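To convert a position in the sequence shown, counted from 1, into our numbering, add 674.
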Amino acid sequence: MLLTLILACGSTRFEGTAVDVTGAPINGATLTVIGHPCQSVVAEDGTFDLPCSPGIYDITLGQAGYISETWTNYQATEKKTYTLGETVLVRIPDEKGLLVFKGGSYRAMERGFLVKSSGGRGKSQYRHYCLPENADDRMPINPFSAGKVAFFDNASGGWRPWRLDEQGCAYKMSPSSDTRWGVDFGEKAQWEETELAPEKSLVVMTLEPGRYFVSDWSNGFFQKGPTDDEKLAGYGGFYIKVE
675 MLLTLILACG STRFEGTAVD VTGAPINGAT LTVIGHPCQS VVAEDGTFDL PCSPGIYDIT
735 LGQAGYISET WTNYQATEKK TYTLGETVLV RIPDEKGLLV FKGGSYRAME RGFLVKSSGG
795 RGKSQYRHYC LPENADDRMP INPFSAGKVA FFDNASGGWR PWRLDEQGCA YKMSPSSDTR
855 WGVDFGEKAQ WEETELAPEK SLVVMTLEPG RYFVSDWSNG FFQKGPTDDE KLAGYGGFYI
915 KVE
């Protein structure tokens, strides 16, 4: 039986279903019209049917342990039934890190590393953070198609995306640089981050074709990480190719 709490009556209705990535109904999820006393609890078969008053609303569908779905500025100004359709809620991952959505859940990416090189004196000093030589043969590559890619930041400790230059470098520093701080770095990927809970954020990156490195990042700088070659001083992260 559908459990519905109606604190304000009206002739506008919202209907739909809530399921997980396997298609199973999410019994007990809650549909809420934000800022208005209209709320419905999803039935055992995954359906919901919520009466409310006409208006323009932000609506959320959520369940503990899942990433909520939100409809912003939903135009429900007429006295009729609005179908929200089948909404798939994805579980919040337990694994920590910057995770990618794959196969119906958020999973860890294959790890890679950058190598720091430095030298010179005076105006010729330099410090570069680049892929190691023959990187494609020495570390895993995470392939993506161009466009928006969904990630989940679950208490990762920090990260930064960099678009690699032709030499495979993410970040270069030299006193002879034309930039104010003596730093040249690849164009950062554009991203939008939405905090869902403390230390849990949904991250959507817009990736153009090319090579990227998403670095472990803390207190404003690269963090050392494990490498497959003990002779190299590696800085951890994820090597990404976008086509």
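In this text, a Cβ means the ideal position worked out from N, Cα and C, and glycines have one as well. In this text the structure is predicted, and so the values were computed from the model without any measurement.
Anyone know if the C-beta pair for Gly842 and Leu805 falls short of 8 Å? As a first step, residue 842 must be located in the sequence shown, where it is residue number 168. As a first step, residue 805 must be located in the sequence shown, where it is residue number 131. Yes, Cβ-Cβ distance for Gly842 and Leu805 is below 8 Å.
Within 10 angstroms of its Cβ, does Ala863 collect 16 or more other Cβ (buried), or is it exposed? If you number the sequence shown from 1, residue 863 lands on position 189. The residue is buried, with at least 16 neighbouring Cβ atoms inside 10 Å.
Three or more C-beta pairs below 8 Å linking the region 805-816 and the region 775-790: yes
Any chance the CB of Lys776 is under 7 Å from a heavy atom of the ligand FMN? Because no ligand of any kind appears in the structure shown, any question about the ligand FMN cannot be addressed here.
Cut-off 6 Å between Cβ atoms - residues of its own chain near His802, not counting five sequence neighbours on either side: On the sequence shown, residue 802 is found 128 positions in, with the first residue counted as 1. Closer than 6 Å at Cβ, skipping near neighbours: Ser791, Cys843, Lys846.
Is the separation between the beta-carbon of Ala750 and that of Phe722 shorter than 8 Å? Indexing the sequence shown from 1 puts residue 750 at position 76. Indexing the sequence shown from 1 puts residue 722 at position 48. Contact: no.
Beta strand (DSSP E) containing Arg812: first to last residue? Position 138 of the sequence shown, counted from the start, is the residue given in the question as residue 812. Careful: Arg812 lies outside any beta strand (DSSP E), inside the alpha helix (DSSP H) at 809-812.
Going by CA-CA distance only, name the one from Thr686, Thr880, Pro835, Lys898 that's closest to Thr757. Mapped onto the sequence shown, residue 757 falls at position 83. It is Thr686 whose Cα lies nearest to the Cα of Thr757.
Quick check on DSSP: helix, strand or coil for Lys645? With the chain represented from 675 up to 917, any question about residue 645 goes unanswered, as that position is not in the structure.
Buried/exposed call for Asp719, threshold 16 Cβ in 10 Å: Within the sequence shown, residue 719 is the residue found at index 45, counting from 1. Flag for Asp719 reads exposed.
Quick test of the definition: if touching needs 3 or more C-beta pairs under 8 Å, does the region 757-772 touch the region 822-829? yes
The beta strand (DSSP E) that contains Ala824, what's its start and end? To locate residue 824, count along the sequence shown from 1; it is residue 150. Where Ala824 is concerned, the enclosing beta strand (DSSP E) stretches over 821-828.
Per DSSP, what kind of secondary structure is Thr696 in: helix, strand or coil? As a first step, residue 696 is located in the sequence shown; it is residue number 22 there, counting from the start. Coil.
Gln737 (DSSP reduced to helix, strand or coil): Along the sequence shown, read from residue 1 onward, the residue named residue 737 stands at position 63. Note: Gln737 maps to coil in three-state DSSP.
For the region 871-890 against the region 793-801, are there 3 or more C-beta pairs whose distance is under 8 Å? no
Taking only the alpha-carbon atoms, compute the straight-line gap between Trp855 and Phe896 and give it to the nearest angstrom. The residue labelled residue 855 in the question sits at position 181 within the sequence shown. The residue labelled residue 896 in the question sits at position 222 within the sequence shown. Reliability of the predicted coordinates at Trp855 is poor, the pLDDT of 48 falling under 50, and no value is obtained from them.
Chain-order list of residues whose beta-carbon lies under 8 Å from that of Val764 (same chain, five-residue window excluded): Position 90 of the sequence shown, counted from the start, is the residue given in the question as residue 764. Around Val764: Asp694, Val695, Tyr740, Ile741, Phe775, Gly778, Ser779, Tyr780.
Cα separation between Gly884 and Val789? Along the sequence shown, read from residue 1 onward, the residue named residue 884 stands at position 210. Along the sequence shown, read from residue 1 onward, the residue named residue 789 stands at position 115. When rounded, the distance between both Cα atoms is 20 Å.
In chain order, what residues of the same chain have a beta carbon less than 6 Å from the beta carbon of Asp732, not counting five sequence neighbours either side? As a first step, residue 732 must be located in the sequence shown, where it is residue number 58. So the qualifying residues of the chain are Ile708, Thr746.
In the DSSP output, what is Leu724 paired with across the bridge? For this step, residue 724 is matched to residue 50 along the sequence shown. The partner list for Leu724 (beta bridge, DSSP) reads Phe688.
Thr755 and Glu743 look like a contact to me (Cβ under 8 Å); what is the Cβ gap, rounded to whole Å? The residue labelled residue 755 in the question sits at position 81 within the sequence shown. The residue labelled residue 743 in the question sits at position 69 within the sequence shown. In fact, because the Cβ distance is near 19 Å, the residues do not count as touching under 8 Å.
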